[in-house]
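Chemist: Numbering follows the UniProt record's numbering, in which position 170 of the sequence shown is assigned residue number 170; successive positions increment by one, without gaps. My questions all concern the structure below.
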Amino acid sequence: MSLSYLEEPESRTQQFTGCPSPHEVDLNTIQRWQKLFGYSYPEAVQKVERHRTDLLGGRRTYVADAHWELVRQGKEAQGYDKEAYEHLCHVGLPAQTKTQSSTTPSGGTPRRQTKQYLLKLEGPIADTKTLKQAAGCSDELPPIIAGTDDSGQPAKFCIVDATAKQSILSWLLDNNNSKFQFQPTFVRYAIAEKVLSSTSKYPSLGIDTTMPQHRLCCCSRPPSPAQDQYPVWYFFYGTLADPKVLNRLIYSPHDPMETIIPCCPYRPARVAGGILTTWGDKDKALTKEQEESLRLYETDRYEVVRCDIEMLDEEEEDIVVKGLTFRFIQER
């Protein structure tokens, strides 16, 4: 596993087309930000001005037009415009909303709060026995992942959470006998969550799976796609709708040329809320390894959800296939 695609989200966030001139903040905008984010009048003015002038400073989250069109209807109903929604993506939900959303929404599971890291096995924590002791793990460690480090050399990694990371750092501080303190290598492992229920349609785009009309009956087939069903159709929008971006993410430079599809084939398609594009044919859909690359690219601000994809088949007939897409985590 190469760590190169873990750097994609950081570079992607800086894709801005330009920096607009500062504007005088109008009263409607101030009142909107006060209502949505709980700011005082002076705070709202300051936050809007900073948002409008931070394009080049890297302290603003840019929302692509395709992303905005996908969520626009629901967000405008809540009082957001695109500018306020970008601010929401940057700062997260207001405190009172976060408290409410920490419970299970709509019968689903709450968002995973614990950050995860890839830890390189080296130095005094090169073996799993010592690593388990340092991390204070009572259970088995997650599987060891083989990959390459920044220099291209073979290396082994293990996924640990924030608690284990702190335990490892404390253990190293207490058990370091060398002249120079060993510095472990931690890489943020921000992957889009994928937890597809085997007993319900949860999570699905645009529907509340707890409502009676969306529940499975005893004679229903298991929901599709399943958690480990491959190959699988994916509905893409935004940067992933660019074939060049997709090729770069799902193919390794070491892949045989005959397995690489130059500019992955796309088909016009749609799901509720937008008309965008989808990738692949049934014999060319995503594998598990390719899917993981895309989940890392989207980061843990997104989750994988089920969706119905409408498109044309080879005979130009309308068909609907069961597939997956990435949903912004705060949209559920």
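Where a beta carbon is used, it is the ideal one built from N, C-alpha and C, also for glycine. Remember, it's a predicted structure, so these values are computed and weren't measured experimentally.
Looking only at its own chain, which residues have a Cβ that is under 7 Å from the Cβ of residue 35, when we skip the five neighbours before and after it?
Modeler: Excluding positions up to five away in sequence, the list reads 79.
Chemist: Between the alpha carbons of residue 215 and residue 208, how many angstroms are there, rounded?
Modeler: Approximately 9 Å between the Cα atoms of the pair.
Chemist: Residue 276 to residue 242, Cα distance in whole Å?
Modeler: In this prediction, residue 276 has a pLDDT of 45, which is less than 50 and means its spatial position is unreliable; what the coordinates show is noted afterwards. Each residue's Cα considered, the two are about 11 Å apart.
Chemist: Given that a residue counts as buried once 16 or more other Cβ atoms are within 10 Å of its Cβ, and exposed if not, what is residue 227?
Modeler: Residue 227 is exposed by the Cβ-count criterion.
Chemist: Excluding sequence positions up to five away, which residues of its chain have a Cβ less than 8 Å from the Cβ of residue 85?
Modeler: Contacts found: 63, 68, 71 and 75.
Chemist: Note down, in chain order, each residue of its chain lying with its Cβ closer than 6 Å to the Cβ of residue 313, except the 5 sequence neighbours on either side.
Modeler: Here the set comprises 319.
Chemist: Determine the DSSP secondary structure at residue 347, reduced to helix, strand or coil.
Modeler: With the chain represented from 1 up to 332, any question about residue 347 goes unanswered, as that position is not in the structure.
Chemist: Could you check if residue 286 is buried or exposed, using at least 16 other CB atoms within 10 Å of its CB as the buried criterion?
Modeler: Residue 286 should be labelled buried.
Chemist: Quick one: is residue 27 buried, meaning 16 or more other Cβ sit within 10 Å of its Cβ, or exposed?
Modeler: Residue 27 comes out exposed.
Chemist: How is the alpha helix (DSSP H) around residue 244 delimited, first residue to last?
Modeler: Note, residue 244: alpha helix (DSSP H), 243-250.
Chemist: Starting from residue 37, follow the alpha helix (DSSP H) in both directions and report where the run begins and ends.
Modeler: Where residue 37 is concerned, the enclosing alpha helix (DSSP H) stretches over 27-37.
Chemist: Under 8 Å by Cβ, that's how I've got residue 306 and residue 329 pegged, so tell me the actual separation to the nearest angstrom.
Modeler: In fact, because the Cβ distance is near 16 Å, the residues do not count as touching under 8 Å.
Chemist: Secondary structure at residue 206, three-state DSSP: helix, strand or coil?
Modeler: In this structure, residue 206 counts as coil in the three-state DSSP scheme.
Chemist: For residue 158 and residue 246, what's the separation of their Cα atoms in angstroms?
Modeler: Their backbone Cα atoms lie some 26 Å apart in a straight line.
Chemist: Just how far apart, CA to CA, sit residue 14 and residue 165?
Modeler: Because residue 14 sits at a pLDDT of 41, beneath the cut-off of 50, its placement in the model cannot be relied upon, and the following sentence gives the value as read from the coordinates. Each residue's alpha carbon lies about 29 Å from the other.
Chemist: What separation, rounded to the nearest whole angstrom, lies between the Cα atoms of residue 211 and residue 118?
Modeler: Spanning the two alpha carbons is a distance of roughly 39 Å.
Chemist: For the putative contact between residue 170 and residue 135, defined by C-beta atoms under 8 Å, what is the C-beta separation to the nearest angstrom?
Modeler: Not really, about 10 Å apart at Cβ, beyond 8 Å.
Chemist: What are the partner residues of residue 146, as DSSP defines its beta bridges?
Modeler: Paired residue(s): 156.
Chemist: With burial defined as no fewer than 16 other Cβ atoms inside 10 Å of the residue's Cβ, what is the status of residue 77: buried or exposed?
Modeler: Exposed, because fewer than 16 other Cβ atoms sit within 10 Å of the Cβ of residue 77.
Chemist: What residue from 184, 120, 138 and 116 has the CA that sits closest to residue 162's CA?
Modeler: When only C-alpha atoms are compared, the closest one is 116.
Chemist: Cβ atoms of residue 294 and residue 249: under 8 Å apart, would you say?
Modeler: Cβ distance < 8 Å, so residue 249 and residue 294 count as in contact.
Chemist: In whole angstroms, what is the alpha-carbon distance linking residue 38 and residue 298?
Modeler: Using only the alpha carbons, I get a separation of about 29 Å.
Chemist: To which residues does DSSP link residue 118 through a beta bridge?
Modeler: 159 and 187.
Chemist: If I'm right that residue 155 touches residue 201 with Cβ under 8 Å, what's the distance once you round it to whole angstroms?
Modeler: 40 Å between Cβ atoms; not a contact.
Chemist: Under 8 Å by Cβ, that's how I've got residue 296 and residue 145 pegged, so tell me the actual separation to the nearest angstrom.
Modeler: Their Cβ separation, rounded to whole angstroms, is 12 Å, which puts residue 296 and residue 145 out of contact at 8 Å.
Chemist: Using beta-carbon positions only, say whether residue 322 and residue 308 come within less than 8 Å of one another.
Modeler: Contact flag set, yes.
Chemist: If you run the structure through DSSP and keep just helix, strand and coil, what is residue 318?
Modeler: Of the three classes helix, strand and coil, the one that applies to residue 318 here is strand, per DSSP.
Chemist: CB-CB under 8 Å to residue 198, same chain, minus the five flanking residues each way: which ones, in chain order?
Modeler: Excluding residues within five positions, the ones whose Cβ falls inside 8 Å are 222, 223, 226 and 227.
Chemist: Exposed or buried, what is residue 196 when buried is set at 16 or more other beta-carbons lying within 10 Å of its beta-carbon?
Modeler: Residue 196 should be labelled buried.
Chemist: Alpha carbon to alpha carbon, how far is residue 47 from residue 235?
Modeler: Distance between the alpha carbons of residue 47 and residue 235: 35 Å.
Chemist: Do residue 126 and residue 238 have their C-beta atoms closer together than 8 Å?
Modeler: No, Cβ-Cβ distance for residue 126 and residue 238 is not below 8 Å.
Chemist: Can you name the start and end residues of the beta strand (DSSP E) that residue 362 belongs to?
Modeler: The structure shown does not extend to residue 362, since the chain spans only 1 to 332, so no value can be given for it.
Chemist: What does a CB cutoff of less than 6 Å around residue 44 pick up in its chain, not counting 5 residues either side in sequence?
Modeler: Around residue 44: 30, 33 and 34.
Chemist: Under 6 Å Cβ to Cβ from residue 82, same chain only, skipping five residues before and after it: list those, please.
Modeler: For residue 82, where only same-chain residues beyond five positions count, the Cβ hits under 6 Å are 68.
Chemist: Measure the C-alpha to C-alpha separation of residue 122 and residue 184 and round it to an integer number of angstroms.
Modeler: Approximately 8 Å, taken between the alpha carbons.
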